[in-house]
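Chemist: Numbering that gives the first Met the number 0 puts the sequence shown at residues 0 to 619. Below are the structure tokens for one structure; questions will follow.
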Amino acid sequence: MAYTTTGTGGKQISYTERDFVGIRNELIRLTNIYYPNLIKNTDDSSIYSVFLDLNAAVADNLNFQIDRTLQETVLQFAQERNSLYNIARTYGLKIPGNRPSVCLCDFSIVVPPFGDKEDERYLGFLRKGSQVRGGSQVFETANDCDFSSPYSVDGVPNRTKVPNFDANGIIVSYTITKREVVVNGVTKVFKKSITDVDSKPFFKLFLPDRNVLGVTSVIQKSGVGYSTLPSNSEFLTTSDEKYYEVDALAEQEIFVLDPSAPSDQPGVKPGKYIKTGQRFISEFTPEGFFFMTFGGGNDSSQNLLESFSKFGTTVTPNKYLNNVSLGSSVRPNTTLFIQYRVGGGKASNVGPGAISSIGLVDFTMSGPAPAINQRVRSSLKVNNVTAAIGGDDLMTTEEIRNYIAFNFAAQNRAVSLNDYIARVRTMPAQFGAAAKVGAIEVENKIKISVLSFTPGGQLTSAISSVLKQNIAEYLSNYRMINDYIEVGSGKVIDLGVDVDILIQDNSTQGEIVSTVINCVKDFFDVNSNEMGALVNVSDLVSQIMSKPGVTNVVDVKMYNKVGGQYSNSVLSQPFIPNTENEIFLKDGAIFFQPDEIPQIKFPSKDIRVRVKQGENVTYS
0 MAYTTTGTGG KQISYTERDF VGIRNELIRL TNIYYPNLIK NTDDSSIYSV
50 FLDLNAAVAD NLNFQIDRTL QETVLQFAQE RNSLYNIART YGLKIPGNRP
100 SVCLCDFSIV VPPFGDKEDE RYLGFLRKGS QVRGGSQVFE TANDCDFSSP
150 YSVDGVPNRT KVPNFDANGI IVSYTITKRE VVVNGVTKVF KKSITDVDSK
200 PFFKLFLPDR NVLGVTSVIQ KSGVGYSTLP SNSEFLTTSD EKYYEVDALA
250 EQEIFVLDPS APSDQPGVKP GKYIKTGQRF ISEFTPEGFF FMTFGGGNDS
300 SQNLLESFSK FGTTVTPNKY LNNVSLGSSV RPNTTLFIQY RVGGGKASNV
350 GPGAISSIGL VDFTMSGPAP AINQRVRSSL KVNNVTAAIG GDDLMTTEEI
400 RNYIAFNFAA QNRAVSLNDY IARVRTMPAQ FGAAAKVGAI EVENKIKISV
450 LSFTPGGQLT SAISSVLKQN IAEYLSNYRM INDYIEVGSG KVIDLGVDVD
500 ILIQDNSTQG EIVSTVINCV KDFFDVNSNE MGALVNVSDL VSQIMSKPGV
550 TNVVDVKMYN KVGGQYSNSV LSQPFIPNTE NEIFLKDGAI FFQPDEIPQI
600 KFPSKDIRVR VKQGENVTYS
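If you want it as structure tokens, here you go:
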């Protein structure tokens, strides 16, 4: 391909020069060709040189902007967060926001005795959404907590009782404890009066909070100027007032809970499909703000697909523009009530025992004595018996890039292992989130391995049973019919690293050692690595060699730290005999299995640097 064009008199203009120097030289060449007698002085002090520099600078800047614009349209090369969101939107994908942590809490009350057991009349009822606190974090109960029942709402035994004795050995009360799931975040309600201006196709509504976890319910009531908010029972309704969230506005059937249907199996909630035009989609902006988009038709307009099926129906342009095939628009002179939750993030990953305060609760007592009711209500205590895990912040740029790539390949079904990993990452935030995900297939069994973050931001294989169950249930809708899904904990491989380096004689040893330690720490940053990754030691050596003052990397040794303060996970790759778990570097690399990921848990002591400067050797 030629990158020149022929001008007047057969003279050619080249298009291969794109930087400042090349463009400037090309301008000089063209001036000498086209205007040989006009320009005599071309040194740096001439006015001609000024115009050369200015034109070359403008052309160089234009080329840069063109390249950057094109770069931002390509998934592999895009750098701007907004560009990646636009690419995701083009692929029909939604980038999730913050994810909340989940944990188990023990709720206990003290009730009086009645005969030889507790007085069941004072076993209260703690409603779903009641708040508990741990430090600056707020959690809400995920289900109703009925102290009169020995089972959870899913039919799992979750109640214990302990008698309390006085000095004479007489039972004076019973401590009743229920173990329930709590989810980080606070439930809020946003009210929006709909005017004629708002009642337009594809109305967009932004929620006022930035850390939105998701919308739990949307209802529309006739009229405006409401002074009170709807009750929880109204938000749970399946009446004509309710709007439903969908992945795409073209979805006309929604799967919802069926409260009237019986269930003969604990843990299985009955559901049914309903057809409705009242639906919306939700998205996050690159800055983390949450907005909703409603439908584009009205309730009186006919479904476009239905109009095609009717004999003799005339399809007018208006029917293309004003129909409920993409959902119905919000009606004027009404009020939208949006119930949503805010919170989440890595900060919500608190340790066990951190949640100990009762917040705003809906605790119902129905005993005959008001004084005893109050005493029992005041005795309510809470303690999280497991660490709160699964909370995560907004995705980083690289996480978004991988998310888009995996999800675009998945195409709303799970065939390959990458499809399953992608689907886990798309699970709605209210069900928890895995920090890292791996997958392997063994005889039609898809084994999903997940990890969570500790309160200190480190990886842990301690995963709540609730999160595992949610992942398995969520994947069941995407799996191949002959695939069996098993969700378990991944393996955190704690590493120790020894580095031998040579430095320049005039270098400051302490600064170089600190730089090398930080380099190794960043190389094994858990936020940048995925499960099953290949670690090439040569890549680490190259990064160390690039640091100022380092003249050579003599040796790098890696060890698997096991037990005690470290994980009990042992690397599948063999160790060098007669060493303290020194890893045998096969082809200069560590090959992690799909359920393994490396971590340097204590960088200050697990990264050691031995320095040779001249004839002096020191070990840091």
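Backbone N, C-alpha and C define an ideal beta-carbon position, used for all residues, glycine too.
Compute the Euclidean distance between the alpha carbons of Y33 and L26, then round it to the nearest angstrom.
Modeler: 10 angstroms
Chemist: Which residue wins for smallest C-alpha separation from L92, given the options V245, V496, D105 and Q564?
Modeler: V245
Chemist: Would you tell me roughly how many angstroms separate the C-alpha atoms of A421 and D118, rounded to the nearest one?
Modeler: 51 angstroms
Chemist: Since V486 is in the beta strand (DSSP E), which residue starts that stretch and which ends it?
Modeler: For V486, the enclosing beta strand (DSSP E) stretches over residues Y483 to S488.
Chemist: What are the start and end residues of the alpha helix (DSSP H) that includes G509?
Modeler: Q508 to F522 is the extent of the alpha helix (DSSP H) around G509.
Chemist: Which residue comes first and which comes last in the alpha helix (DSSP H) that contains N476?
Modeler: No alpha helix (DSSP H) contains N476, which DSSP labels as neither H nor E.
Chemist: DSSP state of E252, grouped into three classes?
Modeler: strand
Chemist: Buried or exposed: which applies to N559, given that a residue is buried once 16 or more other Cβ atoms fall within 10 Å of its Cβ?
Modeler: buried
Chemist: What beta strand (DSSP E) runs, 3 residues minimum, are completely inside the region 526-581?
Modeler: Runs of the beta strand (DSSP E) lying entirely within the region 526-581, each at least 3 residues long, are 533-535 and 549-560 in chain order.
Chemist: Using the rule of at least 16 other Cβ atoms within 10 Å of the residue's Cβ for burial, across every protein chain shown, is N167 buried or exposed?
Modeler: Burial call: exposed.
Chemist: What does the alpha-carbon distance come out to for the pair T514 and D521?
Modeler: 11 angstroms
Chemist: To the nearest angstrom, how far is the alpha carbon of R657 from that of E282?
Modeler: The structure shown does not extend to residue 657, since the chain is modelled only from 0 through 619, so no value can be given for it.
Chemist: So for G222, helix, strand or coil by DSSP?
Modeler: The answer is coil: DSSP assigns G222 none of H, G, I, E or B.
Chemist: Round the Cβ separation of V223 and K241 to the nearest angstrom and send it over; I've been treating them as touching at under 8 angstroms.
Modeler: The Cβ separation is near 19 angstroms, so there is no contact.
Chemist: Tell me where the beta strand (DSSP E) around V621 begins and ends.
Modeler: Only positions 0 to 619 of the chain appear in the structure, and residue 621 is not among them; the question remains open.
Chemist: Output the boundary residues of the alpha helix (DSSP H) element that contains G21.
Modeler: Annotation for G21: the continuous alpha helix (DSSP H) segment containing it runs F19 to Y33.
Chemist: In angstroms, rounded to a whole number, what distance separates the CA positions of T333 and A249?
Modeler: 24 angstroms
Chemist: On the three-state DSSP scale, how would you describe D499?
Modeler: strand
Chemist: Near I516, what residues of its chain come up, given a Cβ to Cβ distance below 7 angstroms and the 5 sequence neighbours on each side ignored?
Modeler: P602, I606 and V608
Chemist: Helix, strand or coil for F583, going by three-state DSSP, please let me know.
Modeler: coil
Chemist: Going straight from the alpha carbon of V519 to that of A247, what length do you get?
Modeler: 44 angstroms
Chemist: Do you know how far the Cα of E529 is from the Cα of S13?
Modeler: 46 angstroms
Chemist: For V624 versus L501, is the C-beta spacing smaller than 9 angstroms?
Modeler: Residue 624 falls outside the range modelled here, since the chain spans only 0 to 619, and no answer is possible.
Chemist: Under the assumption that G294 contacts P99 (Cβ atoms under 8 angstroms), give the Cβ distance between them as a whole number of angstroms.
Modeler: With 8 angstroms as the limit, G294 and P99 do not qualify as a contact, their Cβ atoms being about 29 angstroms apart.
Chemist: What does the Cβ neighbour count give for E595, buried or exposed, with the cut at 16 atoms within 10 Å?
Modeler: Under the 10 Å beta carbon count, E595 is surrounded by 16 or more other beta carbons and is classified as buried.
Chemist: Helix, strand or coil for N97? Go by DSSP, reduced to three states.
Modeler: N97: coil per DSSP, three-state reduction.
Chemist: Please report the straight-line C-alpha distance between I46 and V534, rounded to a whole angstrom.
Modeler: Rounded to whole angstroms, I46 to V534 spans 56 angstroms at the Cα level.
Chemist: Please say whether K177 and S198 have beta carbons closer to each other than 9 angstroms?
Modeler: no
Chemist: What do you get for N443, buried or exposed, if any count of 16 or more other CB atoms within 10 angstroms of its CB means buried?
Modeler: The residue is exposed, with fewer than 16 neighbouring Cβ atoms inside 10 Å.
Chemist: Go ahead and label S541 buried or exposed: buried means 16 or more other beta carbons lie within 10 angstroms of its beta carbon, across all protein chains shown.
Modeler: exposed
Chemist: Looking only at its chain, what residues have a beta carbon closer than 6 angstroms to the beta carbon of G344, apart from the 5 residues adjacent to it on each side?
Modeler: Excluding sequence neighbours, G344 sits near N97, G390 and D392.
Chemist: Go to K604, then tell me how far its beta strand (DSSP E) extends in each direction, as first and last residue.
Modeler: First-last for K604: P602 to D605, but that is the alpha helix (DSSP H), not the beta strand (DSSP E).
Chemist: Tell me whether the region 462-477 and the region 548-564 touch, counting them as touching only if at least three CB pairs, one residue from each stretch, are closer than 8 angstroms.
Modeler: no
Chemist: Could you give the residue range of the beta strand (DSSP E) that holds V423?
Modeler: Segment L416 to R424 is the alpha helix (DSSP H) holding V423; no beta strand (DSSP E) there.
Chemist: With respect to the beta strand (DSSP E) encompassing N505, which residues constitute its N-terminal and C-terminal limits?
Modeler: Per DSSP, N505 belongs to no beta strand (DSSP E) and is neither H nor E.
Chemist: Which residues in the same chain as E397 place their Cβ atom closer than 8 angstroms to its Cβ, once the five residues preceding and following it in sequence are excluded?
Modeler: S527
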